[in-house]
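Below: the structure, in structure tokens.
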Amino acid sequence: MTDNATQREKNGLELRFSELCYQLKSGTNSKASNLILKDTCGELRAGCLTAIMGPSGAGKSSLLNVLAGFKLKGVSGHILLNGQPRELQAFRKMSSYIAQNHVMLSLLTVEETLRVSATLKLPSDTSSEAKQKILEDILDVLSLHSCRQTLVRDISGGEHKRLSIGIELITNPPIMFFDEPTSGLDSVASYQVMCYLQKLAHDGRIVVCVVHQPSSRLMQLFDDILVLAHGEVLYSGTQQEMLPSFHAAGFSCPQYYNPGDFVLEVGSESSNQRCESLIEQNKLKFMQTKSTFKLIVDEQTALIHMDSSSSADTELLRPKEQVGFGCQLRVLMQRHLVTMARDFVSSYRPALALDLILNSYTQIAVQARVFMHVLIALLLGLVYWQIGNDANKIVSNTSCLFFIILFIFSGNAMPSILLCMQDMPVFLREYYNGWYSLRAYYISKLLADMPLQFICPTLFIGIGYFMTGQPPQLERFVMCWSICILTGIIGHFIGVISGSLFKMQLAIFLVPAISIPFLLFSGFFIRLNELSWFLRPICDISFFRYIFEGLIRCIYGYNRGDMACYADFCYYKSSEKFVKDFGMTGDNFSDDLFALLIFLLLLLIAFYLTLHSCIKRAL
1 MTDNATQREK
11 NGLELRFSEL
21 CYQLKSGTNS
31 KASNLILKDT
41 CGELRAGCLT
51 AIMGPSGAGK
61 SSLLNVLAGF
71 KLKGVSGHIL
81 LNGQPRELQA
91 FRKMSSYIAQ
101 NHVMLSLLTV
111 EETLRVSATL
121 KLPSDTSSEA
131 KQKILEDILD
141 VLSLHSCRQT
151 LVRDISGGEH
161 KRLSIGIELI
171 TNPPIMFFDE
181 PTSGLDSVAS
191 YQVMCYLQKL
201 AHDGRIVVCV
211 VHQPSSRLMQ
221 LFDDILVLAH
231 GEVLYSGTQQ
241 EMLPSFHAAG
251 FSCPQYYNPG
261 DFVLEVGSES
271 SNQRCESLIE
281 QNKLKFMQTK
291 STFKLIVDEQ
301 TALIHMDSSS
311 SADTELLRPK
321 EQVGFGCQLR
331 VLMQRHLVTM
341 ARDFVSSYRP
351 ALALDLILNS
361 YTQIAVQARV
371 FMHVLIALLL
381 GLVYWQIGND
391 ANKIVSNTSC
401 LFFIILFIFS
411 GNAMPSILLC
421 MQDMPVFLRE
431 YYNGWYSLRA
441 YYISKLLADM
451 PLQFICPTLF
461 IGIGYFMTGQ
471 PPQLERFVMC
481 WSICILTGII
491 GHFIGVISGS
501 LFKMQLAIFL
511 VPAISIPFLL
521 FSGFFIRLNE
531 LSWFLRPICD
541 ISFFRYIFEG
551 LIRCIYGYNR
561 GDMACYADFC
571 YYKSSEKFVK
581 DFGMTGDNFS
591 DDLFALLIFL
601 LLLLIAFYLT
611 LHSCIKRAL
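Counting in UniProt numbering, the sequence shown runs from 1 upward without gaps.
As structure tokens, then:
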């Protein structure tokens, strides 16, 4: 890495911007807008650690996103890289952006996280030895050797920040943007992280970070300072020249006073007329960087607020994948299965039980789902013990079958909502960084989730079927099992789609709210032939109708004959009579299965479209 850094220093990498504006429009009314950045001017130099400072609401993060290429919609101004107009796709390849909340998969170790990044971000012709050397160098530079085998969820806040830096250092980018890298850290950890950023900058990189209120100790680490206030730049340049510039404008920093606190106080009073001289002085310094190139508002599709539906526009905003589809699929599958297996094992540790319940939503995804399916199946078997062949309890047995439907559906839909809380931010970040394609993630997600969708319903129906005394015939059990598997998968994808499109609170409300009307037309609460004619078409689009109908047919259809009667009189001793009264005559189990497969296919298409929508909606 030293040779590359030396070469960059010789190249003198420099990013300049002038007359840069960012306008956030409100709704469809083009006149109703909020000007976030107003003719900002500044310079970012290689070999210098640059801090973007200013009071809350000054536009610091917006400026960082615009410079990093993460906001283009509503942007105008001059952005030059080494005197040339910034070409977005090339710029994204040579830069990296580390967000304030850099979400990572918590059940991978530090070394595994870096290895996945190296496998997907480095070209496919990179040897294993070269990848290992890069990994070791990063662990050494960021002092992560001591926690290389520690799970991400167990590392400290400072180590988490350094790991997020290490993920981006895999490709050794010459330009790095950090959004509040010290937030949530104590003073010692903040200083350690900023020391690492300073070292990265002094190796020849452009390193820019947003800092809210740095201590005097942290201020000593910055080479350049950019001060923002109400969307305007008060100062951009070296730290040594900052206080003299403010003093010339009539703002004198008291002796032994933290310069960071001083410029924040000045920025908070930026409405004062004396600040105009600071703003104009900074603009004049960078006016000579004007070029014939100018990025016009609405000229390109923005990464965060995209309006175009063209996939080609989306591809312009992310680097091309460095490895083939097969490698992407293999790495994603392996990563998902490893985290799922560790989730199952680690959730059994008593010391973590309370923490998992109170603090970790995603940790319940595997262990709790398996445990609850077994527990509820045992409870179901005790409540409905051996009633499956009792003609006098056929109505109760029907209720048992309907409860099976409800539990398998909800037991797979609701936890799947929680899965999106961690998976979706990780997917969006990695996708836009060009780690893998949408197709690779989609297929790996389908395949990796399948084991759990088979295990849970199989355990539930395997226990409940025989404890409740259902017909001990293999073909009937297999038919019942297949219906339960499809029910669980349908519930899972409804939960995943809802969790991806909506916030958790809204998704948890919408899944039962949407499902209950379909339950009403399942044929359990009211027979289908008793419905009003204008309501009957709704039954055809209710997947619960085909689930319930399929279970009734596989338990009581196919010439089951008379059942045992332990009372003086059993009205439904004949299973054929019961099926006929329910309006489910005919051995048409295959029709119900086919209808459920159609619903599943539609959900698979909807899930792909949901991922595509999430990509275009927000990062």
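Think of the CB as a built atom: it goes at the ideal place given N, C-alpha and C, for glycine as much as any other residue.
- Task: Mind checking which residues open and close the alpha helix (DSSP H) that includes residue 134?
- Result: Here residue 134 refers to the residue found at position 134 of the sequence shown. Note, residue 134: alpha helix (DSSP H), 128-141.
- Query: Any idea what DSSP makes of residue 38, helix, strand or coil?
  - Reply: Position 38 of the sequence shown holds residue 38. Of the three classes helix, strand and coil, the one that applies to residue 38 here is strand, per DSSP.
- Query: From residue 292 to residue 97, what does the alpha carbon distance come to, in whole angstroms?
  - Reply: Here residue 292 refers to the residue found at position 292 when the sequence shown is read from its first residue. Here residue 97 refers to the residue found at position 97 when the sequence shown is read from its first residue. Summary for residue 292: the model assigns pLDDT 37, below 50, so the residue's position carries little reliability, and this model does not support an answer.
- Item | Close Cβ partners of residue 606 (< 6 Å) along its chain, the five nearest in sequence each way excluded | Position 606 of the sequence shown, counted from the first residue, corresponds to residue 606. Around residue 606, the same chain offers 497 as residues with beta carbons nearer than 6 Å, after the five sequence neighbours per side are excluded.
- Per DSSP, which residues does residue 178 bridge with? Please list them. Locating residue 178 in the sequence shown gives position 178, counting from the first residue. 98 and 209.
- Query: Does the pairing of the segment 542-556 with the segment 479-486 give three or more beta-carbon distances under 8 Å?
  - Reply: The segment 542-556 vs the segment 479-486: in contact.
- Task: Round the Cβ separation of residue 221 and residue 198 to the nearest angstrom and send it over; I've been treating them as touching at under 8 Å.
- Result: For this step, residue 221 is matched to residue 221 along the sequence shown. For this step, residue 198 is matched to residue 198 along the sequence shown. Distance from residue 221 to residue 198 at the Cβ level is roughly 5 Å; contact confirmed, criterion being Cβ atoms closer than 8 Å.
- Message: Taking 8 Å as the cut-off, does the segment 149-168 touch the segment 81-89 (at least 3 CB pairs, one atom from each stretch)?
- Response: These segments do not touch.
- Item | Residues near residue 131 by beta carbon distance below 8 Å, same chain, minus five either side | Taking the sequence shown and counting its residues from 1, one reaches residue 131 at position 131. Closer than 8 Å at the Cβ level, and outside the excluded window around residue 131, lie 115, 118, 119 and 122.
- At what residues does the beta strand (DSSP E) containing residue 78 begin and finish? In the sequence shown, the residue the question calls residue 78 occupies position 78. Note, residue 78: beta strand (DSSP E), 75-81.
- Got a sec? Which residues, its chain only, sit under 6 Å from residue 224 by beta carbon, not counting five neighbours each side? Against the sequence shown, residue 224 aligns to sequence position 224. Hits under 6 Å: 48, 50 and 238.
- Message: For residue 430, tell me which candidate among 54, 319 and 369 has the shortest Cα-Cα distance.
- Response: Walking along the sequence shown from the start, residue 430 turns up at place 430. The shortest C-alpha separation from residue 430 is found at 319.
- For residue 599, which three-state DSSP category applies? Numbered from 1 along the sequence shown, position 599 holds the residue referred to as residue 599. Look at residue 599 here: in three-state DSSP terms it is helix.
- Query: Assuming residue 108 contacts residue 335 under a Cβ cut-off of 8 Å, what Cβ separation, rounded to an integer in Å, is found between them?
  - Reply: Here the question's residue 108 lines up with position 108 in the sequence shown. Here the question's residue 335 lines up with position 335 in the sequence shown. Contact flag correct, Cβ pair sits at about 7 Å.
- When the Cα atoms are used, what is the spatial distance from residue 127 to residue 438? Counting from one through the sequence shown, the residue named residue 127 turns up at place 127. Counting from one through the sequence shown, the residue named residue 438 turns up at place 438. Residue 127 and residue 438 have their C-alpha atoms spaced approximately 26 Å apart.
- With distances taken between CB atoms, is the gap from residue 24 to residue 34 smaller than 8 Å? Within the sequence shown, numbered from 1, the residue matching residue 24 stands at position 24. Within the sequence shown, numbered from 1, the residue matching residue 34 stands at position 34. Yes, the Cβ-Cβ distance between residue 24 and residue 34 is below 8 Å.
- Query: Bridge partners of residue 473, per DSSP?
  - Reply: Start at 1 with the first residue of the sequence shown, and residue 473 comes out as number 473. Paired residues: none, contrary to the question.
- Query: If we ignore side chains and look at the alpha-carbon of each, how far apart do residue 183 and residue 226 end up?
  - Reply: As a first step, residue 183 is located in the sequence shown; it is residue number 183 there, counting from the start. As a first step, residue 226 is located in the sequence shown; it is residue number 226 there, counting from the start. Distance between the alpha carbons of residue 183 and residue 226: 19 Å.
- Task: Tell me whether residue 512 is buried or exposed, calling it buried when 16 or more other Cβ atoms sit within 10 Å of its Cβ.
- Result: Taking the first residue of the sequence shown as 1, we reach residue 512 at position 512. Here residue 512 is exposed: its Cβ has fewer than 16 other Cβ atoms, across all protein chains shown, within 10 Å.
- Selection from 611, 324, 44 and 560 that minimises the alpha carbon distance to residue 577: Counting from one through the sequence shown, the residue named residue 577 turns up at place 577. Answer by Cα proximity: 560.
- By Cβ distance, which residues of its chain are closer than 8 Å to residue 235, with the 5 residues on each side in sequence left out? Sequence index remark: in the sequence shown, residue 235 carries index 235 (1-based). Around residue 235: 225, 226, 227, 242, 245, 246, 263, 278 and 282.
- Among the residues of its own chain, which have a CB less than 6 Å from the CB of residue 539, if the five just before and after it don't count? The residue you call residue 539 lines up with position 539 of the sequence shown. Answer for residue 539: 521, 528 and 545, listed in chain order.
- Query: How close, in whole Å, do the beta carbons of residue 54 and residue 267 come, if the pair is a contact with beta carbons under 8 Å?
  - Reply: Reading the sequence shown from its first residue, position 54 is the one you call residue 54. Reading the sequence shown from its first residue, position 267 is the one you call residue 267. Contact holds; Cβ gap of about 5 Å.
- Task: Please check the pair residue 333 and residue 447, which I expect to be a contact at CB under 8 Å, by giving their CB distance rounded to whole angstroms.
- Result: The residue labelled residue 333 in the question sits at position 333 within the sequence shown. The residue labelled residue 447 in the question sits at position 447 within the sequence shown. Going by Cβ atoms, the distance from residue 333 to residue 447 rounds to 6 Å, so yes, they are a contact pair.
- Task: Report yes if the C-beta distance between residue 391 and residue 459 is below 8 Å; otherwise report no.
- Result: By one-based count along the sequence shown, residue 391 stands at place 391. By one-based count along the sequence shown, residue 459 stands at place 459. Result no, Cβ atoms of residue 391 and residue 459 do not sit closer than 8 Å.
- Would you say residue 85 faces chain D, with C-beta separation under 8 Å as the test? No chain D appears in this structure, which consists of one protein chain only.
- Query: Excluding sequence positions up to five away, which residues of its chain have a Cβ less than 7 Å from the Cβ of residue 600?
  - Reply: Numbered from 1 along the sequence shown, position 600 holds the residue referred to as residue 600. So the list reads 486, 489 and 490, once near-sequence residues are dropped.
- Task: Identify whether residue 281 lies in helix, strand or coil by the three-state DSSP scheme.
- Result: The residue labelled residue 281 in the question sits at position 281 within the sequence shown. Of the three classes helix, strand and coil, the one that applies to residue 281 here is helix, per DSSP.
- Query: The alpha helix (DSSP H) spanning residue 159 covers which residue range?
  - Reply: By 1-based counting over the sequence shown, the position of residue 159 is 159. Unbroken alpha helix (DSSP H) run through residue 159: 157-169.
- Query: With respect to the alpha helix (DSSP H) encompassing residue 565, which residues constitute its N-terminal and C-terminal limits?
  - Reply: As a working mapping, residue 565 is identified with position 565 in the sequence shown. Neither: residue 565 is in no alpha helix (DSSP H) and is coded neither H nor E.
- Within 10 angstroms of its Cβ, does residue 407 collect 16 or more other Cβ (buried), or is it exposed? To locate residue 407, count along the sequence shown from 1; it is residue 407. Counting C-beta atoms within 10 angstroms of its own C-beta, residue 407 has 16 or more neighbours from the protein chains shown and is therefore classed as buried.
- Along the chain, which unbroken stretches of the alpha helix (DSSP H) at least 4 residues long are found entirely within the segment 422-477? For the segment 422-477, the continuous alpha helix (DSSP H) assignments of 4+ residues that do not extend past its boundaries occur at 438-467, in sequence order.
- Task: Could you pull out every residue in the same chain whose Cβ sits closer than 7 Å to the Cβ of residue 492, ignoring the five residues on either side in sequence?
- Result: Counting from 1 along the sequence shown, the entry for residue 492 is found at position 492. So the list reads 412, 413, 416, 449 and 453, once near-sequence residues are dropped.
- Query: Which stretch, first to last residue, makes up the alpha helix (DSSP H) that contains residue 119?
  - Reply: Locating residue 119 in the sequence shown gives position 119, counting from the first residue. According to the DSSP assignment, residue 119 belongs to the alpha helix (DSSP H) that extends over 110-121.
- Message: Determine whether the beta carbon atoms of residue 500 and residue 614 lie at a separation below 8 Å.
- Response: What you label residue 500 is simply residue 500 of the sequence shown in a count that begins at 1. What you label residue 614 is simply residue 614 of the sequence shown in a count that begins at 1. Yes, Cβ-Cβ distance for residue 500 and residue 614 is below 8 Å.
- Message: Less than 8 Å between the beta carbons of residue 323 and residue 340, yes or no?
- Response: In the sequence shown, the residue the question calls residue 323 occupies position 323. In the sequence shown, the residue the question calls residue 340 occupies position 340. Not in contact: residue 323 and residue 340 (Cβ atoms no closer than 8 Å).
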